[in-house]
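All letters in the sequence shown, in the order written, are residues 0 to 134 by numbering that gives the first Met the number 0.
Here a beta-carbon is modelled for each residue, glycine too, at the ideal position from N, C-alpha and C.
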Amino acid sequence: MNYLAVDLGDKRTGLAVGDDIVRIIQPITVLETPIGEQLIHDIQSVIHEHGIDCIVMGLPLNMDGSDSQRSKLTKSFAEKLQAFVNLPIEFQDERLTSAAAEEQLNQSGKTHKQKKKLRDALAAAEILKDFLHAN
Numbered sequence: 000m001n002y003l004a005v006d007l008g009d010k011r012t013g014l015a016v017g018d019d020i021v022r023i024i025q026p027i028t029v030l031e032t033p034i035g036e037q038l039i040h041d042i043q044s045v046i047h048e049h050g051i052d053c054i055v056m057g058l059p060l061n062m063d064g065s066d067s068q069r070s071k072l073t074k075s076f077a078e079k080l081q082a083f084v085n086l087p088i089e090f091q092d093e094r095l096t097s098a099a100a101e102e103q104l105n106q107s108g109k110t111h112k113q114k115k116k117l118r119d120a121l122a123a124a125e126i127l128k129d130f131l132h133a134n
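Following this line, the structure appears as structure tokens:
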């Protein structure tokens, strides 16, 4: 099964793809599109391009595991996205994925500008890695 991981953000949304057979995960892009209909269309294009079977949305829970305002926004966006793409959408706790992505970037030797472009896609890759590991 081919998966698309989504790290939803107000200004930037990171995307990563992977599958559950060889478990190779690749950060693919950061969409610099605000949350809304255009973002849904941009994600839909990626779904068709990569033959995606399932979407994994990062769920930003509070540290105690409860829903945050952001997780409610993510769930609302996921409902709208699902109406357009008609694919199953799973949620994965994304606590600490940004920190893991930041650690990878700090070891990469990239400039601040290069890091900024990759950060959200790497966070999406971490979300998918955690999801595949748990399932």
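May I have the straight-line CA-CA distance separating residue i from residue j, to the nearest angstrom?
{"i": "residue 78", "j": "residue 31", "result": "21 Å"}
{"i": "residue 14", "j": "residue 86", "result": "16 Å"}
{"i": "residue 34", "j": "residue 21", "result": "32 Å"}
{"i": "residue 76", "j": "residue 51", "result": "18 Å"}
{"i": "residue 46", "j": "residue 62", "result": "31 Å"}
{"i": "residue 11", "j": "residue 29", "result": "6 Å"}
{"i": "residue 1", "j": "residue 53", "result": "7 Å"}
{"i": "residue 48", "j": "residue 68", "result": "32 Å"}
{"i": "residue 140", "j": "residue 39", "result": "The structure shown does not extend to residue 140, since the chain is modelled only from 0 through 134, so no value can be given for it."}
For the beta strand (DSSP E) holding residue i, just list the boundary residues, first then last.
{"i": "residue 89", "result": "88-92"}
Here's the rule I'm using: 16 or more other beta-carbon atoms within 10 Å means buried, otherwise exposed. How should residue i be labelled?
{"i": "residue 93", "result": "buried"}
{"i": "residue 37", "result": "exposed"}
{"i": "residue 119", "result": "buried"}
{"i": "residue 83", "result": "exposed"}
{"i": "residue 64", "result": "exposed"}
{"i": "residue 91", "result": "buried"}
{"i": "residue 56", "result": "buried"}
{"i": "residue 129", "result": "buried"}
{"i": "residue 44", "result": "exposed"}
{"i": "residue 27", "result": "buried"}
Starting from residue i and walking both ways along the alpha helix (DSSP H), at which residues does that stretch end?
{"i": "residue 70", "result": "68-84"}
Minimum length 3: unbroken beta strand (DSSP E) runs contained in the stretch 7-60: 12-18, 24-30, 53-58
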